[in-house]
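If you're matching positions, the sequence shown starts at 3 in our numbering and goes up one per residue. Worksheet: one structure, shown below.
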Amino acid sequence: MTDDRLIVALDVPNALEGLKLAGQLGDAVTFYKIGLGMLTGGGLALADELKSEQGKRIFLDMKLFDIGATIEAAVRGLAQFDLDFLTVHGDPHVVRAAKEGASGKPLKILAVTILTSLDRADLDAGLIKPGDLPDLVAERAGRAFDAGADGVIASPQEAAMIRALPEAAGRLIVTPGVRPAGSALGDQKRVATPAQAIADGADHIVVGRPIWAAQDPRAAAEAILAELRR
């Protein structure tokens with residue numbers, strides 16, 4: 003039985019390493035995230051191969067941010083790759099332009115609220131307005147939904163708050179910052195276990211290091227999937 007709630011982040015150096023990892027994971031994993039770090043290592047070619055040759059679902063995590071016309075053009079180009087999810091920053095003008103660029107394609111536009119590696123001190127340094135971080139995430143999510151976002155990226159700790167928003171009905175919540183119990187946090191500051199993230203309203207969880215750094219990546223992925231099904 004396939005379960006696409008688990009998205010595996012291919013945070014490896016290049017497309018060859020990505021294909022090798024996908025080979026190790028086999029039919030246990032059906033959904034992959036390819037991020038900015040892989041872009042110069044053949045990320046789009048990897049996305050195309052996993053999608054067209056292996057029938058996998060693909061989440062391209064580019065977190066695009068620019069003026070509207072540039073976002074629209076970039077998304078229109080990326081939409082030709084038959085991708086499933088694409089991230090943009092959650093500013094309303096960016097979301098609206100991205101939706102325009104994806105028009106006519108099944109590509110889902112996911113808005114980034116506040117990166118899961120940031121805390122209040124980081125927001126202060128970036129001149130982001132005062133307020134508790136979860137409240138700001140929920141406010142940004144609501145505005146992104148109003149601008150047409152198909153879903154949002156948010157930490158598991160904000161998933162329940164976002165799911166409770168009236169605007170969130172029928173929209174996706176995708177949560178990075180998910181760590182199986184006992185895993186190292188790495189660079190993530192706002193985390194939860196896979197089962198907790200789903201229980202709190204996430205549709206998909208994104209897991210990278212605990213799978214690709216494991217001695218047996220397939221066993222690590224299957225353990226997470228088993229936790230989700232319990």
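Quick reminder that beta carbons are idealized off the backbone N, C-alpha and C, glycines included.
When you compare the CB positions of residue i and residue j, do they come within less than 8 Å of one another, or not?
i: A140; j: E160; result: yes
i: A199; j: P158; result: yes
i: L46; j: A81; result: no
i: R233; j: G203; result: As displayed, the chain neither begins before 3 nor continues past 232, which places residue 233 out of reach and without an answer.
i: V154; j: L8; result: no
i: D5; j: R59; result: no
i: V90; j: I69; result: no
i: A259; j: V180; result: As displayed, the chain neither begins before 3 nor continues past 232, which places residue 259 out of reach and without an answer.
i: V61; j: K22; result: In the sequence as presented, Val is not what sits at residue 61; that position holds Phe. Against a cut-off of 8 Å, the Cβ pair of K22 and F61 comes out as no contact.
i: L38; j: D13; result: no
i: F87; j: A49; result: no
i: P196; j: P182; result: yes
i: A171; j: A113; result: no
i: G44; j: A17; result: yes
On the criterion of 16 or more Cβ atoms from any shown chain inside 10 Å, does residue i qualify as buried, or is it exposed?
i: A228; result: exposed
i: P219; result: buried
i: G20; result: buried
i: P15; result: exposed
i: G25; result: exposed
i: R173; result: buried
i: D148; result: exposed
i: G248; result: Given that the chain is displayed from residue 3 to residue 232, the structure contains no residue 248 and the question cannot be resolved.
i: A100; result: buried
i: R122; result: exposed
i: A156; result: buried
CB of residue i to nearest heavy atom of the ligand GDP: below 7 Å?
i: S105; result: As for the ligand GDP, it is missing from this structure, which has no ligand bound.
Specify, as a first and last residue, the run of the beta strand (DSSP E) that residue i falls within.
i: G228; result: Looking at the sequence itself, residue 228 is Ala, so the reference to Gly does not match. Looking at the DSSP string, A228 is not in any beta strand (DSSP E); the run it does join, the alpha helix (DSSP H), is 219–231.
i: I69; result: Unbroken run through I69: none, as it is neither H nor E.
i: A1; result: Because the chain here runs from 3 to 232, residue 1 falls outside it and cannot be looked at.
i: L174; result: 174–177
i: K35; result: 33–37
i: G153; result: 153–155
Terminal residues of the continuous alpha helix (DSSP H) containing residue i?
i: L21; result: 17–27
i: L46; result: 45–54
i: P212; result: 211–214
i: R165; result: 158–165
i: P196; result: 196–201
Would you say residue i lies against chain C (beta-carbon separation less than 8 Å)?
i: I130; result: Absent from the structure: chain C. Only one protein chain is present.
With three or more beta-carbon pairs closer than 8 Å as the criterion, would you say the stretch 116–135 touches the stretch 71–91? no
Identify every run of the beta strand (DSSP E) within the stretch 75–151, keeping only runs that are complete inside it and at least 3 residues long; order them along the chain. 87–91, 110–114
Three or more beta-carbon pairs under 8 Å between the stretch 128–140 and the stretch 98–105, yes or no? no
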